[in-house]
Structure formats: C-alpha cells, structure tokens
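This report concerns only the one structure given below.
Protein chains in written order, with my numbering: chain A, 2 to 341; chain B, 140 to 562.
Shown next, in the form of structure tokens:
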C-alpha cells in the first residue's frame, strides 16, 4: 500500500467510525429526552408540598422513577394508599431516607470535568440544613430513629487498567454538632472476640438502634459480617456471618438482611432473610427472588424493598416472619422512607 | 493541552519509509505504536472510568462482596504474556500479527459490554479484554526495540510511554463528555469506545510495518531460524538477562501497589475522601512529563543505573509517607516521586531488556522480564495486605521500605558487576 492509500483508508475509517459513534451518542441523547415525557399508564405525579411532619395520615416518601418532569424527585403518597397520585417535592435524590423530621438526600452535582456527589441533610420541609461532599457513588442512606444521626455509604473504585476494585466509604454525621465521622473503617474492629486489622475492610449499610448504637455490614477477606457499632467506644464488633445491608426492626429485636445463599446463581446470590438477635436464628422470607437492597421495616412485621422494574425499580412488601407472599406495593419507585 | 498533544502526535504518525531521508529522531514505527497505544488507552480508560457508575447506577448492581471485577487471575495473565512474547518471535517475527490479535480482542470486547448485564458476564468480558492486553504487550515492546537504534531505545520507550499515558488521561474526559451529552448514556460510551479501539487497530494495521527493522541496521541480519519454545526458555541461560529479570523481580517484590500506596497516603494525610481520585492523576501527569527526558537520560548514563535510581525515588516516596511531614506539599512531593519512579523504570526496564536479548528473541525476552516483575509485584500485594492485617498499614510500609532499601543495595551490586561484563 502506498502512503496515500493508507491515509485515504484511515480518513474513510475515521469518517465511518465517527458516524457510528455520533449515531450512538445521538440515540442515547434522544432516549434521555424521552424520559422527560410522562408515561400514559404511569402514576399521576403533581408538584406540591412535601413535609416530613404531615398531619394528614402516615406518609410514605420515595424517589419517583416514573418518566416525566418529576423523575428522580422525592415524592410522597399516603402510606395506606401507595398506588395513588404522587406529590413531588422538587428535590432530586439518588438515595433518600428520613425519620423524626430529618431527611438525608444523596445527590449528584454536575461539575466541569466530572460529576461529584454530596450528602444533604434536610429539615422537615425538605430544605437543606447542611451538606457534605461524598466521596463516590451513593448506595445507602439512613437516619437514626431520633433524627439526630445520619449515615450514608458510597462506592469508590480503583482505577487500574480494566480492573475495578470496589470499596466503600461510610460516613456518619451528628446533626446536633455537624461533627462527621468520615470513614467508619477507622473504628476499632473486634472480630470473633479479638482486635482485627486489615487493609481490605469495607463497611456499608448502617442501620441505627439509637444515638449510640448501630449495625452495619463489615466485609474482609471475602467474608461479610453483621457488626454492632458503638459510638462511645468507637468499636465495631462482629455479631454474625454472611449478613449484608442490615435493617433493624422498630423494636430492635430483629435484623432483615441480604444473605448470600449457597447454590444461587453468582449474578443473583442474595435472598431476603431475617435474623432474630435474641436467639440468633435466621429465617428466610417468602420472597424467593434475588434481593439487592437495604430493606425497610414498614411496621413491626412487614418488610419493604426494591426489585428491578420496567422503569428502574418497583417497591415490594413481604411479611418478616416467613409467611405469606411478596406483593408489589408501587411501581417506578426506590429509596422508600416512613418519616414516622 | 492533552488534545493539542494528541493532534500533534497524530500528524507525525506516518512512518518514515521514503528512502534517502535522514532517520527520524524517534523512528516512525515507534510513533505509530505510540499512537496505537494512545488511541487504545483512550478507548479502555473510557470504559474503566464509567464502569463503576454503569454497574451501580446503570445496572443497579452491588459489586461489593463480589470481589474484584478484575476478571483474570494473575497467573493466567502471566502465561498469556509469555505466550504472546513467544508466539510473536516464532515464524520469523510475527510481532505485528500477535499484537494485532491482542488489540483486536480488546476492541471486540467494548461492544460486547453492551450485551453484558450481569457481574459474571461483565467480568468475563473484562477478562478477555485483559487477555488482549497481555498478548500485545511483549510484541509491542519488541517492535519498539527492533525499530530503534540501541543507543536511543530509552528515549523511544519514553516517547511510547508518554503517548500511552496521554491516552489514559484523555479517556475519562472523553467518557465524561459522552455522558454529559446524554443521560445514563453508558451504551453510547461503550459504542464510542469500541469505535476508538477499532481506529487503534486500524492505525496498527496501516502504519506499523509487517517486519520491523532497525532504521540504520545497514547490515541486514539473515533471517534467523524460527525460535522454538526451547530457545525461548534457553533465554534464561543468558546471565545478563537472568540478572536483569532477577533484579526486576527482586525490586518488584518491594514495590507496593498503587492502590495500597494511595490508601495509606490518604489515611496518613487524613485527605478528604473526595480528593482521593486525584492521586492517580498526579502520578500519571508526572509520568507523562518525565517519561521522555528520563528515557533520554537513561540512554546517556546507564539504563540500569536509572532503573535503580527510579527505585530510589520510590524509596524516598515511602519515606515521605512515613515521615511526620503533612499537608498538600507533602502529598504533591510523594506523587512527584511516584511519577518519577514510573518514568525512570517502566520504559527504561524495557530498553535495558532490549539490550541483553538477541533480536530474534525480543518478544520472549520482553515478556520474561515484564512477567517476572508483574508476578513479583503481585506477590508483594498479597504480602503487603497480610502485613497490613497483622500490624497495620504504617508498619507494613516501614517493612516494605526497609526491604526495598536492601533490595536496591543488592541490585546495585549485581548490576554493577553486570556492567563489567563486556557486551
């Protein structure tokens, strides 16, 4: 081949490949524009006032995933009428939780060179009280029952060639003092009764018992543990094995969690289990599908969790005691919270 | 700045094939290979940059507890690299073919990501991608060696590594631009990345000669017999190569992986977690800036000496992490030393290897030294992780730093005696 032939070949290839790339980008851009259009069969969503202290019945707050102008906004429905019209707050969050008049909202912020993330503490009217930079992609958020403490977990990833090692950073903030524990991994770990150190410790999925105690997942050496955390002593003590994304029942006696079960497909390894902390016995729930969410206790006996759905995810419920069957509570929603 | 640089390198891609012209300062083949690496790195870093977001936000999966998405274990990776080097030498220098297969395999993997929606599948695609990288690394370095006059190899490898790093820095920016033009446009990122990777393969096919020959190799070497596997293994009987491999491995055993170093730096400095992603950028920027000047310096003084000096910079970096000096200047100093370490060792080791391996074994020789170093670094990672568990990160680094100091002393002795061997 002569030099000219080669250059012409290269030019043609650049034009061809450039067109393919441009079409791919335009296609994706068009698809994202579609998401701003309301679906005909989707839930009704109207802008309105959302309050964590609403007096008209018990509210259920969710991140609305239904297509339309209020996509990704925190919306509210009456807890006893979850299929009804949704009231949108205008506040966009990736992850959300609320209790006792305090909300925690993990959101992305568009930057010049890349998106960044932040954790915003909200008051009862979903107005910002304070915000903190978050180190990575948000995944879990919780508020303590008193509303005093908030916790969140983000994913960070290494950036070696074609290698993606994920790790987590979990932060806890006291909203009375705005003091932040940036990384729970600095707590002392007591594993099986002995102090434990490792570089590969990851902690995620905090669930609060009160303003001093909490539970979370600790992972190290390819094993996950339920740990009980104590702010006073700054310790994490292992309680049980094979527990991810714990969620403490309102009476503090049971933990709902993701258990990695034997024999399950490696891309769908988790089932929803409940651990009784008094007897340390595990029981499976009637939900047999793979679960990848930190479940929420709707009341003392019912669990609420997200499963993949047509527009991202839907919310489902199942009794916590292993009886009954799972049923869909609402479509196109994620990150639920009962603020009271 | 990077964009301008990439354009200017593209303009000089065409190899200098016209007869009667003064040989270019850096051979056209090296610039062509550098361009291929630059384009390929843009493509692969586009994927790497969005993959976590895609997995977590796009697919809604929790990657934790799954372990790493690295996809390929280090033993297999080492075998692939050795095989790539050997296959390239066989059949009278099939470097371009083997490298082309490696680049092609990685290019095919990008659109495959559009179809992989579960972690095991994504992991399998990444494993194939890494296999492609393993296959092409040694033949590519062999071609750089063969295309360059021995006295300029350090600079040639420096130019290649600088172009490679430029691509790695541009990739995330390109991916972000695509994401910005769309919403959740991960599929668009993978599609564009596939197009870019294809372009890289095409530049290889069009602009890298099938048989790489030295620019002023006035004496045409008769085509040697096909090197057999036994010949390749016999390379280890060459004392110079054995010494170099042993030294690279010994120093590799005391080279803490980047992620551990950054993690420790962040902990020691109490660096806000959101600044963590800037640390690798700092190292890469310094590597990019210093790769060419240090490569040229290696050509003037000894490559082995510079390789050793690079590890001295690393040792100094460890010392700074352990020292009570805190604050932004300390972090910057550590990153400068870390980037200097890469600039003084990465391409320089390849250049040093090229000098102790006969032309028909360049692929196998490059694979051998590179693999020895990679496996040693992997062993160091395991040991470092274990030491961290037992005694904490600071102590683990103190031990590693001491081991590095001892290794460097041993290596300086071994390589000095090697220098006395007439070559």
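Idealized CB from N, CA, C, for every residue including glycine.
This structure is a prediction, so every number in the text was calculated from the model and none was measured.
_Span separating the alpha-carbon of residue 368/B from that of residue 498/B_ = In a straight line, the C-alpha of residue 368/B is about 16 Å away from that of residue 498/B.
*Count the other CB atoms within 10 Å of the CB of residue 42/A; is the residue buried (16 or more) or exposed (fewer)?*
For residue 42/A, the number of other beta carbons within 10 angstroms of its own is below 16, and it is reported as exposed.
*asked:* Taking CB distances under 7 Å as the criterion, tell me whether residue 527/B reaches chain A.
replied: Yes - at least one Cβ of chain A is within 7 Å of the one on residue 527/B.
*Along chain A, in chain order, which residues have C-beta atoms closer than 7 Å to that of residue 321/B?*
Under the 7 Å cutoff, chain A gives 26, 29, 30, 33.
*Could you confirm whether any beta carbon from chain A is found closer than 7 Å to the beta carbon of residue 404/B?*
No, its Cβ sits nowhere closer than 7 Å to a Cβ of chain A.
*Hey, how far is the Cα of residue 260/A from the Cα of residue 295/B?*
Their backbone Cα atoms lie some 54 Å apart in a straight line.
_Could you check whether residue 430/B and residue 482/B sit closer than 7 Å to each other, using their CB atoms as the reference points?_
The answer is yes: Cβ separation under 7 Å.
_Restricting to Cα atoms, I'd like to know which of 439/B, 486/B, 444/B, 426/B is closest to residue 550/B._
When only C-alpha atoms are compared, the closest one is 444/B.
*Among the residues of its own chain, which have a CB less than 6 Å from the CB of residue 642/B, if the five just before and after it don't count?*
A query on residue 642/B cannot be resolved here, the shown segment of chain B reaching from 140 to 562 and no further.
*What does residue 532/B reach in chain A if we use C-beta pairs closer than 9 Å?*
Neighbourhood of residue 532/B in chain A, by CB distance below 9 Å: 198, 200, in chain order.
*For residue 376/B, which three-state DSSP category applies?*
The three-state reading of DSSP puts residue 376/B in helix, counting H, G and I together.
*If residue 348/B sits next to residue 494/B, beta carbons under 8 Å apart, how far is it from one beta carbon to the other, in whole angstroms?*
In fact, because the Cβ distance is near 22 Å, the residues do not count as touching under 8 Å.
*Could you say if the region 96 to 105 of chain A and the region 130 to 150 of chain A meet the contact criterion of at least three C-beta pairs nearer than 8 Å?*
Verdict: yes, contact present.
*asked:* For residue 267/A, count the other beta carbons within 10 Å of its own beta carbon; 16 or more makes it buried, fewer makes it exposed. Which is it?
replied: The residue is exposed, with fewer than 16 neighbouring Cβ atoms inside 10 Å.
*Quick one: which chain B residues come within Cβ less than 7 Å of residue 267/A?*
Residues of chain B with a Cβ closer than 7 Å to the Cβ of residue 267/A are, in chain order, 259.
*Could you tell me whether the region 247 to 260 of chain A touches the region 271 to 289 of chain A, using the rule of 3 or more Cβ pairs below 8 Å?*
They touch, by the three-pair rule.
*Does DSSP put residue 85/A in a helix, in a strand, or in coil?*
DSSP places residue 85/A in coil when its eight states are reduced to three.
*Residue range of the alpha helix (DSSP H) that residue 275/B falls in?*
Membership of residue 275/B in the alpha helix (DSSP H) is indicated by the continuous run 258 to 286.
*Under a Cβ-count criterion, where at least 16 other Cβ atoms within 10 Å of its own Cβ denotes burial, should residue 552/B be classed as buried or exposed?*
Here residue 552/B is exposed. Its C-beta has fewer than 16 other C-beta atoms within 10 Å.
_Measuring alpha carbon to alpha carbon, tell me which residue in 167/A, 152/A, 192/A, 188/A is nearest residue 174/A._
The shortest Cα separation from residue 174/A among 167/A, 152/A, 192/A, 188/A belongs to 152/A.
*Compute the beta-carbon to beta-carbon distance between residue 137/A and residue 155/A, rounded to the nearest angstrom, for a pair I have assumed lies under 8 Å.*
Contact between residue 137/A and residue 155/A holds, since their C-beta atoms are separated by about 4 Å, short of 8 Å.
*With DSSP run on the structure shown, which of helix, strand or coil describes residue 163/A?*
Only weak support exists for where residue 163/A lies, its pLDDT of 34 falling under 50; the value from the coordinates is given anyway. In this structure, residue 163/A counts as coil in the three-state DSSP scheme.
_For residue 625/B, count the other beta carbons within 10 Å of its own beta carbon; 16 or more makes it buried, fewer makes it exposed. Which is it?_
Shown here, chain B extends from 140 to 562; a query on residue 625/B therefore has no answer.
*For chain A, find out if any of its Cβ atoms is closer than 7 Å to the Cβ of residue 84/B; answer yes or no.*
Nothing about residue 84/B can be reported from this structure: the residues present for chain B run from 140 to 562 only.
*Straight-line gap, residue 6/A to residue 338/B (C-alpha atoms, nearest Å)*: Here the alpha carbons of residue 338/B and residue 6/A stand approximately 16 Å from one another.
*What's the call for residue 156/B, buried or exposed, on a 16-neighbour Cβ count within 10 Å?*
With a pLDDT of only 43 at residue 156/B, under 50, the local geometry of the prediction cannot be trusted, and the value read off the model is given with reservation. With a threshold of 16 other beta carbon atoms within 10 Å, residue 156/B falls short and is exposed.
*So who's on the other strand from residue 331/A, going by DSSP bridges?*
Note: residue 331/A sits in a beta bridge opposite 316/A.
*Count the other CB atoms, across all protein chains shown, that sit within 10 Å of the CB of residue 541/B; report buried if there are 16 or more and exposed otherwise.*
Burial call: exposed.
_Closest by C-alpha distance to residue 169/A, when choosing among 185/A, 96/A, 190/A, 177/A_ = It is 185/A.
*Residues that residue 331/B contacts on chain A, provided the C-beta gap is smaller than 8 Å*: Going along chain A in sequence order, the residues near residue 331/B (Cβ under 8 Å) are 22, 25, 26.
_Could you check whether residue 341/B and residue 242/B sit closer than 7 Å to each other, using their CB atoms as the reference points?_
For residue 242/B and residue 341/B, no; Cβs fall outside 7 Å.
_Can you tell me whether residue 507/B is helix, strand or coil according to DSSP?_
Residue 507/B: helix per DSSP, three-state reduction.
_If the criterion is Cβ atoms closer than 7 Å, does the pair residue 421/B and residue 302/B meet it?_
The answer is no: Cβ separation not under 7 Å.
*With distances taken between CB atoms, is the gap from residue 284/B to residue 512/B smaller than 7 Å?*
Residue 512/B sits away from residue 284/B, with the two beta carbons spaced by 7 Å or more.
*Check each candidate in 305/B, 252/B, 332/B and name the one with the smallest Cα separation from residue 315/B.*
The option with the nearest alpha carbon to residue 315/B is 332/B.
*Near residue 518/B, what residues of its chain come up, given a Cβ to Cβ distance below 7 Å and the 5 sequence neighbours on each side ignored?*
Excluding sequence positions up to five before and after residue 518/B, its CB lies within less than 7 Å of the CB of 392, all in the same chain and listed in chain order.
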